[in-house]
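Asks: The structure follows.
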Amino acid sequence: MLVARLEVLGEVDPRGAVRFHVARESTLRGADGHPFEVLVDNFSRTGFLFVSDEAFPAGTLIAIGLSGAGSREAQVVWSEGRRHGCEFLVPLPQSKMARAFEGHASVLANLEAELRKRLPQARPAAAKAPPPPAPPPRHLRKQKLVDAIRQFLDE
């Protein structure tokens, strides 16, 4: 028997896509490269919804900045007032989904946490303290004593 556990951290929409509500500001660029500040309401592996004062008709090709996951190309598939629905030209891979819309502070915090988890495992065994220097051989100790006495007598 196969037992599995499915954990969904987002919300499943009517089409079966898991949507993540982010309400984050982002930069969108049109085909001419001109930047527009927009508010991304939610996103999924296949697309996203953004709000903008600018009008982007259906069919417009754009690129959206996904903080923590780079920039992705998409096409506006519908617009209704200030709201625009877009489809990524290439669906986001799982690795990008995990980082999309995380701020740099979050990305660094996650990286630091992962490194701290691995640090005890990666740390080499503690080096032993070097042994104390061995006392000089007996004849050297005698010679030093003789030299010290001669020096004392000469003074």
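Here the sequence shown is numbered in numbering that gives the first Met the number 0, starting from 0 and rising by one per residue.
All residues carry an ideal CB built from backbone N, CA and C; glycine is no exception.
Predicted model, so just to flag it, every value in this text is computed and none were measured.
1. Would the region 90-102 and the region 56-64 be scored as touching if the rule is three or more Cβ pairs under 8 Å?
2. Under 8 Å by Cβ, that's how I've got S78 and F55 pegged, so tell me the actual separation to the nearest angstrom.
3. So the candidates are L27, Q93, A68; which of them puts its Cα closest to the Cα of F49?
4. Less than 7 Å between C-beta atoms, sequence neighbours within five positions excluded: which residues of the same chain meet that for T45?
5. Can you tell me whether G58 sits near the ligand COA, meaning its C-beta is under 7 Å from at least one heavy atom of the ligand?
6. Would you identify the three-state DSSP class for S25, choosing helix, strand or coil?
7. Applying the criterion that 16 or more other CB atoms from any shown protein chain within 10 Å of the CB defines a buried residue, is A73 buried or exposed?
Replies: In short, the structure shows the following:
1. Fewer than three Cβ pairs drawn from the region 90-102 and the region 56-64 lie within less than 8 Å of each other, which leaves the two stretches out of contact.
2. Between F55 and S78 the Cβ distance is about 6 Å, and since that is below 8 Å, they are a contact.
3. Of the candidates L27, Q93, A68, the one whose C-alpha sits nearest the C-alpha of F49 is L27.
4. In its chain, beyond the 5 residues on either side, A16, E86, F87, P90 have a beta carbon closer than 7 Å to the beta carbon of T45.
5. Inclusion of the ligand COA in the displayed structure is not the case, the ligand content being empty and no account of it being possible.
6. Strand at S25.
7. Classification for A73: buried.
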